[in-house]
């Protein structure tokens, strides 16, 4: 039995202990993630919590093995010096540098989940590469959320303490051949277990687990984020491309039910100017005009000017965003292209010819411009604006006065909107889009306005009042301009932000944004309240209709002011599955199958009707339409048919 004397039992047990520590601390991070976001992730009982945590082990396994693959290899590779103090010290630093970075991702999500409503993905890299203020954002986040940092530091210190409690005793192998034989056996076994752990199981027929699989174990869709961890979601989405052609239906069904091309034949005597406001983080929750019939207890509005403007406008109190980030709002509003699990704007297919309200206006002789007070190129707006064909771009560089810079993101909204009001209209007709910036983390306002606005119930309430005030001042200036009277104004949010009222904690309402069409010219008849479901991608066809573009419009949205009616198909994604509102139901689709059907009034997605609607004709057709929409979207994006 001399062969067994060289079995590296101590080293293997210590390695298992060190990997176990990672599992232990990932579960603590899972609890803290839920605790900091418990208003958005509802769990009914302790047993439900433990069930979600148990199923999360598979996703933790993948993340831990991704991060520790090199550490595991170097711990068991037979190089004789493995147990020496110097080598063990090297392993210590490798272990905590890699695990520390990966673990920190989960703590970052404790703060930003309330804004993004999804776990961290590699899409964050696409956003970060356009920004030069990442360190400032990080510092501000730490100052505003000190307990998250404190927990991270305390847990990392505890992790180091527990790691050092069990050490490897230095020992040289006596018989090298048995030493190498056992090492090779352990290496082979470890490789098999690691591959299986990263994939999620050992079945050859099963694809590796991904974000969608987390939803197999939940009662409510939002609980999928509890099963996941941020390290897993980040690594699993690196170099992924979920854009794949599918075939569920024939083209005739798509033409008859999806209507990818629409034609409106409005006669317009004088082309109106178009001004589109994409207001940063403008959740529908913040505006009283959109909550009159919601029966929200103790409701408070934080947009008095927008409320007064809405009373003179055509508004849609049941409007949804088609994406989760600012750049998604730009593609949805201007080009009618929603973002699904993978964002179109960060895909390999974004650089193609795209029909949009920009191209339509260019074709009709409009002067087109885009305004954003951040450093030029921020958020990817300049690049995507060039793809859409804006003739002019006005950013922080063109504004040329850093005294009005907020120190973090952009020129403060009030002075930048004054610049916007005075700079447009030199050529008419014009189409101008402005993307505001101040209603954003770190939730600050200019010092001169400290005390002017009420603090509200969460940090967003004060800066959204400042932006509302800035828009009011904009209109005071715009009314004096010669182009004002023949202009159509559109207001919506790019995405939602911090939630206070439980009504807006509901999963679908995390996409709830306002939509306002206003014109001082009564000829356009933009007045009233329309309670139909609407979405950001309806803005482009609505404007194309209003300016009299009498050619085919490529859009999954529809004109909201035409007598020619198309049934709405509301589309967005929670980052793991696609969501559609069609007819009387909400459908959740994972790219292959519909995995949930909910009543349209069940915005919290609390009661899955999938089984009881198996033979329901409307639900069956709704499933088919959802798949047809997805098929057409993939076909047009991949095969460059967005015109």
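Numbering (this note's numbering), first residue to last: 63 to 705. Every residue, glycine too, gets a C-beta built ideally from N, C-alpha and C. All values derive from a computational prediction rather than experimental measurement.
- Residues of the same chain with a CB within less than 6 Å of the CB of residue 150, apart from the 5 flanking positions on each side, are 230 in chain order.
- Contact between the region 163-176 and the region 214-221 is established, with three or more Cβ pairs separated by less than 8 Å.
- Within 10 angstroms of the beta-carbon of residue 201 lie fewer than 16 other beta-carbons, which makes it exposed.
- Cβ contact annotation for residue 72 (same chain, cutoff 7 Å, sequence separation greater than five): 230 and 231, in chain order.
- When the alpha-carbon of residue 83 is set against those of 226, 623, 141 and 555, the nearest one is in 226.
- Checking the DSSP bridge columns, you'll see residue 590 partnered with 376.
- Within the same chain, 456, 482 and 496 come within 6 Å of residue 433 by CB-CB distance, once the 5 residues on both sides are set aside.
- The C-beta of residue 503 has 16 or more other C-beta atoms within 10 Å across all chains shown, which makes the residue buried.
- Three or more beta-carbon pairs separated by less than 8 Å link the region 389-400 to the region 595-607, which places the two stretches in contact.
- Listed in chain order, the non-local C-beta contacts of residue 105 below 8 Å within the same chain comprise 96, 111, 114, 285 and 288, local neighbours out to five positions each way being set aside.
- Measuring C-alpha to C-alpha distances from residue 693 to each of 319, 535, 663 and 469 identifies 319 as the nearest.
- Taken in chain order, the complete alpha helix (DSSP H) segments of 4 residues or longer contained in the region 595-622 are 601-608.
- Here residue 408 carries a helix assignment [DSSP, helix/strand/coil].
- Every unbroken stretch of the alpha helix (DSSP H) spanning 4 or more residues and falling wholly within the region 74-147 is given here in chain order: 108-138.
- When DSSP states are grouped into helix, strand and coil, residue 650 belongs to the strand group.
- In this structure, the straight-line span from the alpha carbon of residue 576 to that of residue 376 is close to 11 Å.
- In the three-state scheme derived from DSSP, where H, G and I count as helix and E and B as strand, residue 658 is classed as strand.
- Per the C-alpha coordinates, the member of 430, 630 and 648 positioned closest to residue 420 is 430.
- In this structure, the CA atom of residue 182 is about 6 Å from the CA atom of residue 296.
- The Cβ-Cβ distance between residue 342 and residue 499 falls below 7 Å.
- For residue 499, there is no enclosing beta strand (DSSP E), as DSSP gives it neither H nor E.
- Distance from the CA atom of residue 220 to the CA atom of residue 90, rounded to whole angstroms, is 12 Å.
- Residue state for residue 635 is assigned as strand, using DSSP reduced to three classes.
- As DSSP reads the structure, residue 555 sits in a beta bridge with 341.
- When the Cα atoms are used, residue 198 and residue 387 turn out to be separated by approximately 19 Å.
- Going by DSSP, residue 390 is part of the alpha helix (DSSP H) stretching over 388-397.
- Contact between residue 383 and residue 351 fails: their C-beta atoms lie close to 18 Å from each other, not under 8 Å.
- The shortest CA-to-CA distance from residue 579 to any of 588, 572 and 458 is the one to 588.
- As the crow flies, the alpha-carbon of residue 305 is around 15 Å from that of residue 413.
- Nearest neighbour of residue 367 by Cα position, chosen from 353, 233, 81 and 349, turns out to be 349.
- Bridge partners of residue 358 according to DSSP: none are assigned.
- Relative to residue 627, the option among 327, 487 and 551 whose CA is nearest is 327.
- Between residue 670 and residue 660, the beta carbon gap of about 6 Å places them in contact (Cβ cut-off 8 Å).
- The Cβ atoms of residue 520 and residue 573 do not sit closer than 7 Å to each other.
- By the Cβ criterion, the region 472-480 is not in contact with the region 444-455, since fewer than three pairs of Cβ atoms, one from each stretch, lie closer than 8 Å.
- Excluding its 5 nearest sequence neighbours in each direction, residue 617 has C-beta neighbours in its own chain below 7 Å: 324, 398, 599, 602 and 603, listed in chain order.
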